[in-house]
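J.: Shown below is the structure under consideration.
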Amino acid sequence: MVKTADSPGSGARPDPVRSFNRWKKKHSHRQNKKKQLRKQLKKPEWQVEREDISRLMLNYEKINVSEITRFSDFPLSKKTLKGLQEAQYRLVTEIQKQTIGLALQGKDVLGAAKTGSGKTLAFLVPVLEALYRLQWTSTDGLGVLIISPTRELAYQTFEVLRKVGKNHDFSAGLIIGGKDLKHEAERINNINILVCTPGRLLQHMDETVSFHATDLQMLVLDEADRILDMGFADTMNAIIENLPKKRQTLLFSATQTKSVKDLARLSLKNPEYVWVHEKAKYSTPATLEQNYIVCELQQKISVLYSFLRSHLKKKSIVFFSSCKEVQYLYRVFCRLRPGISILALHGRQQQMRRMEVYNEFVRKKAAVLFATDIAARGLDFPAVNWVLQFDCPEDANTYIHRAGRTARYKEDGEALLILLPSEKAMVQQLLQKKVPVKEIKINPEKLIDVQKKLESFLAQDQDLKERAQRCFVSYIRSVYLMKNKEVFDVSKLPIPEYALSLGLAVAPRVRFLQKMQKQPTKELVMSEANKVIEPRAPSLTNDEVEEFRAYFSEKMSILQKGGKRLEGREHRLANDITEEAEEEEEEEEEEEMEEKLAKVKGSQAPSFPNTSEAQKIKEVPTQFLDRDDEEDDADFLKVKQRNVFGLDFKEEKTLQVSLLLMEGLLLYCLTVLKILRILLPYE
Ligand SMILES: Nc1ncnc2c1ncn2[C@@H]1O[C@H](COP(=O)(O)OP(=O)(O)OP(=O)(O)O)[C@@H](O)[C@H]1O
1 MVKTADSPGS GARPDPVRSF NRWKKKHSHR QNKKKQLRKQ LKKPEWQVER
51 EDISRLMLNY EKINVSEITR FSDFPLSKKT LKGLQEAQYR LVTEIQKQTI
101 GLALQGKDVL GAAKTGSGKT LAFLVPVLEA LYRLQWTSTD GLGVLIISPT
151 RELAYQTFEV LRKVGKNHDF SAGLIIGGKD LKHEAERINN INILVCTPGR
201 LLQHMDETVS FHATDLQMLV LDEADRILDM GFADTMNAII ENLPKKRQTL
251 LFSATQTKSV KDLARLSLKN PEYVWVHEKA KYSTPATLEQ NYIVCELQQK
301 ISVLYSFLRS HLKKKSIVFF SSCKEVQYLY RVFCRLRPGI SILALHGRQQ
351 QMRRMEVYNE FVRKKAAVLF ATDIAARGLD FPAVNWVLQF DCPEDANTYI
401 HRAGRTARYK EDGEALLILL PSEKAMVQQL LQKKVPVKEI KINPEKLIDV
451 QKKLESFLAQ DQDLKERAQR CFVSYIRSVY LMKNKEVFDV SKLPIPEYAL
501 SLGLAVAPRV RFLQKMQKQP TKELVMSEAN KVIEPRAPSL TNDEVEEFRA
551 YFSEKMSILQ KGGKRLEGRE HRLANDITEE AEEEEEEEEE EEMEEKLAKV
601 KGSQAPSFPN TSEAQKIKEV PTQFLDRDDE EDDADFLKVK QRNVFGLDFK
651 EEKTLQVSLL LMEGLLLYCL TVLKILRILL PYE
C-alpha cells in the first residue's frame, strides 16, 4: 500500500539534524571502543623492534651479493637506512657490497680494497646493526671498539659514525688524546661505541680500574697496515689479549702485507677474506692518472714552485719525507708568494694545530698542503685534484697510500711522482705492484728558477737559514735511513748542489756521511743510527691539554644521549711532539749546527746583498691568496717528449754486485731500522 501524505503512520519525515546527531553519537562511541581495543593490543616499542629484528635476521641468510646495488638491498634497520640516506649514501661500493653481508651474518672479515673505496662504511654499518640487533642501551656499556692508527683518522671515523648513526640511541666516544685519564675514566664505561687510537686504549686497560670490555661484541681494526707500520704491533697484541675471545672482528686495510696477515691470524677467527681488487689490473683507482718526472735534486724546488704557479686553481697535497723539510719549504714558499694558499701538516705540530689545518684544507677549494706521511693514510680530504710526491716514497705501498688521497670514490685525480735519476728503480717496483705510472717531461718554458730568491731570503733571515740547514740534514738523513737500497743511495746525491738549491751557500757538514765515507763498518752504522733517534715526546702541558680539550669540546660532542664528551691524550706517541719537545730537539740539533756554523763561518761565501725584494719581505705571511701576477693554469706538465734538464737517461741497470758487497752492512741496517720503526712511529 502506497502511503499518502495524510495517512496516519506516514507521519512527518524524520528530522535530519536529530538523526545526524544520533548517528554521530553512535559513531563516536564505536570509535572510542576501537581505540580502547587498539590500546590494549598495542605492543611495547621494544617488542615491535624485536619483531623487526627477527624479520631482518631471517633475511641475513638470503643476502645475495650479486643482487645488491643499494644499501636498502641489505636487510638493515630503518634507523641505519635513514642515517645513510640523510648522509646521501645510497649506492654501495664494491667493498661495502662484499663485506656488509658477511659481517651481518656474524662472520669475522678481513677486508682489503683500494684507497678511497669506502671501507669506513663497510664496517660502520655492521657496527650499528650489531648493537641494534642486541637492542643495546647505554647501560650495557662498551659494545664495539674501533681502533684507528692516528688521531685524525679516528676523528674522521667518529664524524662519519655520528652522521650515519644519528637515528640510533647508542652513545659513542672518541679517545684520541687531550684530557687527563681520570676524566675519561669516569665516562668510559657509558660508551657503547668507542673510537680510539691504540696507545691510549691500552693505557686505559692498564690504569683505569673501572674500564672493562667484558661484554664487547665487535672489534674493528681500521687501516691495520698503518697501525702496524707505526710500530703498534705489541700494543695491539696486548689489547687483543685483554678482549673477550667471543666477539666478532673486522679488519680493514688498503694493502695486504705480511704483518697484516700476522695480525689477522692473531685477532680473527676463520675469517672471510675479501680482497675486492685482487684481480684488478691495477692496484690504484681507475680514475687516478699517474705520472712521474725525473729531475735532479737541485731542480726539485723550482719544479715544485713552477708546478704550483701553473695549478693555482687546484687543490693539491705535496708529500715530503721529513718534518723539517715541510717546515722549511712551507716558510719559503709562503715568502715566494706562488699565488695560492699554502698549509702545512706534520707530526711536530700540536694536535690542535693539526686539526685546524685539516679542517682548513677540507674547507678550501684551491690550496696546497705540504705534508709528511702523517697525511698519507686514511685521511679523506674531499676534492683533491693533485697529489705530488716531492720525495720518493719509501716503498710502493707508501706510494699507493699517498696517491690515494686523490681520486676518491669515483672522482678523478692526478698523481705526480718526482724521482731523482738515482731513484728510477722505483718505477719498476711500482709496476710490479700494479701501479701504472708513465713518464712525462716538464715544459722548460714554464720552469721558474727560484734559487736566487731563496738565497736572498736566507741572507736576510738567520732563523730561516738555520731551518734550511736542518732541512738539508734531515733530507740526507732520510735517504740514508731508507731500507730500500735499490732505490735510495745517499752517495749518489749531489750534496753541494742540493745545498745551493735550498738557498745555502755552503752545504752543512753531515757527520754521519763523512764518517760513512771514511769507515763504512757495521759498528758505525749501529752507532750512527742510534744517534739519529730523536727525543721522545713529553706529555702535553696542562695548558695544552686545556686548549685541546676546549677545541674538542666544541668540535666533538658525544653522539646523541646527553652530549657527554670525551677527550683523551694519545699516550707515548712520538708524532705528537709539542712545541716544547720540538724546541728541545732543536736545541740539541742547534748545538750540532753551531758547531757546523763555527767551522763554516770562516769559509762561507759572502752573504747575498740586501736585494730590494728581500728587504720588502720581512714578515712571513701564512696565506697568499693575493696573487702578484694572475695567470691561467699553464701547461707545465704537458711536454712529454722533451728532456727538460738535458739528462741522458739510459736503460735501467740491475743492481747486482753492490748488493753482495753490502749484504752484511744491510743486515745491520735492517735490524736498526726495525728498532727505529718501533721507537719512532712517525717520520
Ligand atoms: N656508498 C657510498 N656512496 C657515496 N660515497 C661514498 C660511499 N662510500 C664511501 N663514500 C665516500 O668515499 C670517500 C672514501 O671513503 P673512505 O674514506 O671510507 O675510503 P677508504 O677505502 O677508507 O680509503 P683509505 O683506504 O684511503 O682510507 C669518502 O668521501 C666517502 O664519503
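Each step along the sequence shown adds one to the number in the UniProt record's numbering, with nothing skipped, and position 454 is 454. Don't be surprised by glycine CBs; every beta carbon is placed ideally from N, CA and C.
My guess is that Cys334 and Val487 are in contact by the Cβ rule of under 8 angstroms, so how many angstroms apart are they, rounded?
T.: By one-based count along the sequence shown, residue 334 stands at place 334. By one-based count along the sequence shown, residue 487 stands at place 487. Actually they do not touch by this definition, with Cβ atoms about 31 angstroms apart.
J.: Kindly indicate which three-state DSSP category Trp275 falls into: helix, strand or coil?
T.: Here the question's residue 275 lines up with position 275 in the sequence shown. In this structure, Trp275 counts as strand in the three-state DSSP scheme.
J.: To which residues of the same chain is Leu101 closer than 8 angstroms at the C-beta, ignoring the five residues directly before and after it?
T.: Indexing the sequence shown from 1 puts residue 101 at position 101. The question names Leu, but residue 101 is Gly in the sequence shown. Contacts found: Tyr60, Ile63, Val65, Ile68, Phe74.
J.: Straight-line CA distance for Arg627 to Ile340?
T.: Stepping through the sequence shown from its first residue, residue 627 is reached at position 627. Stepping through the sequence shown from its first residue, residue 340 is reached at position 340. Below a pLDDT of 50, predicted positions are generally treated as unreliable, and Arg627, at 30, falls in that range; the measurement from the model is reported next regardless. In this structure, the CA atom of Arg627 is about 7 angstroms from the CA atom of Ile340.
J.: Within its chain, find whatever has a CB closer than 7 angstroms to the CB of Ala468; leave out the 5 residues flanking it on each side and keep chain order.
T.: Along the sequence shown, read from residue 1 onward, the residue named residue 468 stands at position 468. For Ala468, where only same-chain residues beyond five positions count, the Cβ hits under 7 angstroms are Tyr328, Leu458, Leu502, Gly503, Leu504.
J.: Which full runs of the beta strand (DSSP E) of 3+ residues lie inside the stretch 195-246, going along the chain?
T.: 218-221
J.: Excluding the 5 residues preceding and the 5 following Leu430 in the sequence, name in chain order all residues of the same chain whose CB lies nearer than 7 angstroms to its CB.
T.: Translated into positions along the sequence shown, residue 430 becomes position 430. Once the five neighbours on either side are set aside, the close Cβ partners of Leu430 are Ala396, Tyr399, Val437.
J.: Thinking just about the alpha-carbon of each residue, which of Gln217, Arg337, Lys269 is nearest to the one in Asp108?
T.: As a position in the sequence shown, residue 108 is number 108, starting the count at 1. Closest in alpha carbon position to Asp108, among Gln217, Arg337, Lys269, is Lys269.
J.: Work out the CA separation of Thr115 and Gln428 for me, nearest whole Å.
T.: Walking along the sequence shown from the start, residue 428 turns up at place 428. Walking along the sequence shown from the start, residue 115 turns up at place 115. Those two C-alpha atoms are separated by around 21 angstroms.
J.: Going by the DSSP bridge assignment, what does Lys438 pair with across the sheet?
T.: Stepping through the sequence shown from its first residue, residue 438 is reached at position 438. Per DSSP, Asn291.
J.: Could you tell me which residues DSSP pairs with Lys25 in its beta bridges?
T.: In the sequence shown, counting from the first residue as 1, residue 25 sits at position 25. In the DSSP output, where bridge partners are listed per residue, Lys25 has none listed.
J.: Identify, in the order they occur along the chain, each residue of the same chain with its Cβ nearer than 6 angstroms to the Cβ of Leu417, setting aside the five sequence neighbours on each side.
T.: Here residue 417 corresponds to residue number 417 of the sequence shown, with the count starting at 1. Once the five neighbours on either side are set aside, the close Cβ partners of Leu417 are Tyr292, Gln389.
J.: Using a Cβ cut-off of 9 angstroms (strictly closer), state whether Ile301 contacts chain C.
T.: No chain C appears in this structure, which consists of one protein chain only.
J.: Taking the alpha-carbon positions, what's the Arg509 to Arg226 distance?
T.: As a working note, residue 509 is residue 509 in the sequence shown. As a working note, residue 226 is residue 226 in the sequence shown. Their backbone Cα atoms lie some 34 angstroms apart in a straight line.
J.: Pick out whichever of Asp449, Leu481, Thr406 has its Cα sitting closest to the Cα of Ser321.
T.: Counting from 1 along the sequence shown, the entry for residue 321 is found at position 321. For the residues Asp449, Leu481, Thr406, the minimum Cα distance to Ser321 belongs to Leu481.
J.: Leaving aside the five residues before and after Tyr498 along the sequence, list all residues of the same chain whose C-beta is less than 6 angstroms from its C-beta, in chain order.
T.: For the purposes of this step, residue 498 is taken as residue 498 along the sequence shown, with counting starting at 1. So the qualifying residues of the chain are Leu297, Gln298.
J.: Roughly how many whole angstroms lie between the Cα atoms of Phe252 and Lys261?
T.: As a first step, residue 252 is located in the sequence shown; it is residue number 252 there, counting from the start. As a first step, residue 261 is located in the sequence shown; it is residue number 261 there, counting from the start. Those two C-alpha atoms are separated by around 11 angstroms.
J.: Beta carbon of Ala224: closer than 8 angstroms to some heavy atom of ligand 1?
T.: As a first step, residue 224 must be located in the sequence shown, where it is residue number 224. It does not: the Cβ of Ala224 is nowhere closer than 8 angstroms to a heavy atom of ligand 1.
J.: For ligand 1, any of its heavy atoms closer than 8 angstroms to the Cβ of Arg477?
T.: For the purposes of this step, residue 477 is taken as the residue at position 477 of the sequence shown. Arg477 Cβ: outside cutoff for every heavy atom of ligand 1.
J.: For Phe381, which of helix, strand or coil comes out of DSSP?
T.: The residue you call residue 381 lines up with position 381 of the sequence shown. Coil, per DSSP.
J.: Once the 5 residues before and after Ala238 are set aside, which same chain residues still bring their CB inside 6 angstroms of it?
T.: Taking the sequence shown and counting its residues from 1, one reaches residue 238 at position 238. Excluding positions up to five away in sequence, the list reads Leu202.
J.: Note the first and the last residue of the continuous beta strand (DSSP E) segment covering Leu174.
T.: As a first step, residue 174 is located in the sequence shown; it is residue number 174 there, counting from the start. Counting along the chain, the beta strand (DSSP E) containing Leu174 begins and ends at 172-175.
J.: What separation, rounded to the nearest whole angstrom, lies between the Cα atoms of Gly141 and Lys315?
T.: On the sequence shown, position 141 is the one that residue 141 refers to. On the sequence shown, position 315 is the one that residue 315 refers to. One C-alpha to the other measures close to 43 angstroms.
J.: Taking Cβ positions, are Ser171 and Lys324 nearer each other than 9 angstroms?
T.: Position 171 of the sequence shown holds residue 171. Position 324 of the sequence shown holds residue 324. Their beta carbons are not under 9 angstroms apart, which means Ser171 does not touch Lys324 by this criterion.
J.: Quick one: is the Cβ of Ala286 within less than 8 angstroms of any heavy atom of ligand 1?
T.: If you number the sequence shown from 1, residue 286 lands on position 286. In this structure, Ala286 has its beta carbon at no less than 8 angstroms from each heavy atom of ligand 1.
J.: In the DSSP assignment, find the beta strand (DSSP E) that holds Trp386 and state where it starts and stops.
T.: In the sequence shown, the residue the question calls residue 386 occupies position 386. Start and end: 386-389.
J.: Measuring alpha carbon to alpha carbon, tell me which residue in Trp23, Ala344, Glu423 is nearest Val362.
T.: Your numbering for residue 362 matches position 362 in the sequence shown. The shortest Cα separation from Val362 among Trp23, Ala344, Glu423 belongs to Ala344.
J.: Can you tell me the Cα-Cα spacing of Ile495 and Lys446, whole angstroms?
T.: Residue mapping note: residue 495 aligns to position 495 of the sequence shown, counting from 1. Residue mapping note: residue 446 aligns to position 446 of the sequence shown, counting from 1. Rounded to the nearest whole angstrom, the C-alpha separation of Ile495 and Lys446 is 26 angstroms.
J.: Is it the case that the Cβ atoms of Thr150 and Thr197 are separated by a distance below 9 angstroms?
T.: By one-based count along the sequence shown, residue 150 stands at place 150. By one-based count along the sequence shown, residue 197 stands at place 197. It is a contact, given that the beta carbons lie within the stated cut-off.
J.: Please determine whether the Cβ atom of Ser456 lies at a distance below 8 angstroms from any heavy atom of ligand 1.
T.: Stepping through the sequence shown from its first residue, residue 456 is reached at position 456. Because no heavy atom of ligand 1 lies under 8 angstroms away, the Cβ of Ser456 does not count as near it: no.
J.: Would you decide whether Glu414 is buried or exposed? Buried here means 16 or more other CB atoms lie within 10 Å of its CB.
T.: If you number the sequence shown from 1, residue 414 lands on position 414. Counting Cβ neighbours within 10 Å, Glu414 comes out buried, since at least 16 surround it.
J.: Thinking Leu134 and Val332 are a contact (beta carbons under 8 angstroms), I'd like their distance in whole angstroms, please.
T.: As a first step, residue 134 must be located in the sequence shown, where it is residue number 134. As a first step, residue 332 must be located in the sequence shown, where it is residue number 332. Actually they do not touch by this definition, with Cβ atoms about 56 angstroms apart.
J.: State the Cα-Cα distance for the pair Thr93 and Lys410, rounded to the nearest angstrom.
T.: As a working mapping, residue 93 is identified with position 93 in the sequence shown. As a working mapping, residue 410 is identified with position 410 in the sequence shown. If I take the Cα positions, the gap works out to 10 angstroms.
J.: Taking only runs that begin and end inside the stretch 444-468, name each unbroken alpha helix (DSSP H) of 4 or more residues, in chain order.
T.: Qualifying alpha helix (DSSP H) stretches, in chain order: 451-460.
J.: For Val92, is the beta carbon positioned less than 8 angstroms from some heavy atom of ligand 1?
T.: Residue 92 sits at position 92 when you count from the first residue of the sequence shown. Flag set: Cβ of Val92 near ligand 1.
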